[in-house]
Structure formats: structure tokens, C-alpha cells
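Everything in the sequence shown is counted per my numbering, starting at 289 for the first residue and increasing by one.
Yeah, the Cβ is synthetic: ideal placement off N, Cα and C, and Gly gets one too.
Just so you know, these numbers come straight off a predicted model, no measurement behind them.
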Amino acid sequence: MIEKISKSKISVIASLGQKKMRQRHRLFSIEGDKSVRDILFDYPNRFEVEYIAASAEWLDKNFHSLREIGLQSDKTYCADSSELKKASSLSTAPDVIAVCRLPEEDNLEKLLSERQDHTLPLRYYLLLDGIQDPGNLGTIIRTAHWFGIDTIFASRQTADCYNPKVIQSSMGSMAAVNVIYTDLPKLVDTNPLFPVLGLLLEGENIYKSVKPGFGFIVMGNEGSGLSEEMRLRVTLPLTIPPADPTNHAESLNVAVATGITLALLKK
């Protein structure tokens, strides 16, 4: 018999939209059928599930899948649409919300310790320098997954990757891409073999530039672009030129620019 979800659990889930509450409870939420299925069922070992709140219909439909990933009835709770609406950050009530443990923070030292020579493999990495919008961050994670980028380094000023909006817009890719928050200038300085590719207005035409085959791809803040510290470290400045130099939008969305850049560099 599946228990009815309590008001206290609804309150906790609703609070997880705030970073301070995610950190206080050491929990985050995954909302909606597609995100839950894509993350929990396709990557069952990526996150530790604390419990699931879902409609009776969803629980009945996914009974066997939940058991396959080890979620027994003591970790599943039945909720009606009004309860799911109260708990959710979405505009309409989802069928399911999964509450997971925040993993131990990935860090550069841990990544390097897994390699005998303690150096980064020579491949492309995304560096996010102050990306603020959760929707942009989620889309960038999804785009990175598409182009085979499995590690993103982000500045401490970048949005929290466990924000529900980030997870929603990543469309399941959150489970496949590691986001490591670190000191970006220090990362660049301690990996001198890596070219640093940054999008700058005065950069070289990206369609005509020589592709190095590996390097740090730096994407800047939505409003101010690259920080001065990172701008000074760019060794290969690039620009995405408009089709018509006399008639174009003021700028490209950073997630769109990331997709174009990755498509051309990974070509």
C-alpha cells in the first residue's frame, strides 16, 4: 500500500526551488514525467533517490520501472494534482516529482586524482564564466551532451546546476554531464597546453578559423560577456559573424552561441 504524501514533505519539495534550501536539506528535485524517466530510468545510479511523489496513475504505470531501479513502496508517495502543484516550480502540476540527494560536490582535484598523470585529457571542455540564467545553463548542458562534452567547468558566479529550471531545460542530460564549479583562471593557468577559445566581437571568423582539436571553450555572461580575468587568458579569440553585417540582432543568446561553436569545433 502506497502512502499518501504528507504536508511536511510537500513543503520541503516546494522549498527546493531556493538554493539555500537545497543546501540546507542536501536535496534537489526532478520534476515531470520526461525528466524523471530520462534521468532516473536511463541513469539509475547517477543520483540517490530520497523519495518520489506522484499521481496514482503515474505510480501504477511505472510500477515495474520503479522496482527495477530499486525504489520500493517506502520511497514512493501518492499525491493529487493540487499537492503536486504546491510542490512544483512548474506552471502546471507535473505527474511526478523525484527528490534526490545532492551528490558530493565534484571538484577538479577529484577528477585529476582518477588519472595517473593528474592531467586533463586533451579534448574540448566548456568553461562557463558567469552564466546566470538557469534556462540557458540547462540548454548548454543539453547541448554539451549532444556534442559529446561530458565535463563542464563553471565559475562560482554561474547558476546552480541543481536549480529545478536547469534540470528541466537540460531534458535529462544533467545525469550525463558533470558540472564542476571551480576557479576558472586557475584552471587555465595550471593547464598551459590547452588553447583557450573565447567568443569576442574582435575575434577571428569562427567559420574560417583553424580548429585546434582540443581546448577550453569559454562562454561568458549573458549581459557582460567574458570577465576581464578570462578575457586576458583567451589565446584564440573567435566571433560568429552575422549573415548581414548591416542588419542583425544585437547579440546571440549564449546557449545558441554555444551550440554553433560546438557544432563547428566538433565537425
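{"Item": "Run of the beta strand (DSSP E) containing L315, from where it starts to where it stops", "Value": "315–319"}
{"Item": "Beta-carbon spacing of L415, N479 below 8 angstroms", "Value": "no"}
{"Item": "Cβ-Cβ separation, H433 to V465 (assumed contact under 8 angstroms), whole Å", "Value": "5 angstroms"}
{"Item": "Beta-carbon proximity check, D368 vs V506, cutoff 8 angstroms", "Value": "no"}
{"Item": "Outcome for A442 when other beta-carbon atoms lying within 10 angstroms are tallied against a minimum of 16", "Value": "buried"}
{"Item": "C-beta contact flag for D421 and K307 at 8 angstroms", "Value": "no"}
{"Item": "Terminal residues of the beta strand (DSSP E) in which G508 lies", "Value": "503–508"}
{"Item": "Beta-carbon gap between Y469 and R430 smaller than 8 angstroms", "Value": "no"}
{"Item": "Neighbour-count burial assignment, Q311, 16 or more Cβ in a 10 Å radius", "Value": "exposed"}
{"Item": "Buried/exposed call for D477, threshold 16 Cβ in 10 Å", "Value": "exposed"}
{"Item": "The ligand ZN heavy atom lying under 7 angstroms from the CB of P422", "Value": "The ligand ZN is not part of this structure, which contains no ligands at all."}
{"Item": "Residue closest to F504, alpha-carbon to alpha-carbon, out of N424, R411, P452", "Value": "R411"}
{"Item": "Span of the beta strand (DSSP E), counted from its first residue to its last, around V467", "Value": "466–469"}
{"Item": "Simplified DSSP state of A545, which is helix, strand or coil", "Value": "helix"}
{"Item": "Strand pairing of N493, partner residues [DSSP]", "Value": "T527"}
{"Item": "Whole-number beta carbon distance between T527 and I428, since they are thought to touch under 8 angstroms", "Value": "Not really, about 19 angstroms apart at Cβ, beyond 8 angstroms."}
{"Item": "Length of the line joining the Cα atoms of D519 and N493", "Value": "Here residue 519 turns out to be Arg, not Asp, going by the sequence shown. Straight-line Cα distance between these residues: approximately 17 angstroms."}
{"Item": "Length of the line joining the Cα atoms of F351 and V542", "Value": "40 angstroms"}
{"Item": "Euclidean distance between Cα positions of G461 and E538", "Value": "One point to set straight first is that residue 461 is Ser, not Gly, in the sequence displayed. Going from the Cα of S461 to the Cα of E538 covers about 30 angstroms."}
{"Item": "Sequence-distant residues of the same chain with beta carbon closer than 8 angstroms to S370, five excluded per side", "Value": "A381"}
{"Item": "Supposed contact pair I385 and I301 - C-beta distance, whole angstroms, cut 8 angstroms", "Value": "6 angstroms"}
{"Item": "Between the CA atoms of G508 and T523 - distance to the nearest angstrom", "Value": "15 angstroms"}
{"Item": "Cβ distance (whole Å) where G320 is taken to contact L378 below 8 angstroms", "Value": "7 angstroms"}
{"Item": "Cβ-Cβ separation, K398 to I298 (assumed contact under 8 angstroms), whole Å", "Value": "Actually they are not in contact, since the Cβ atoms of I298 and K398 sit about 35 angstroms apart, beyond 8 angstroms."}
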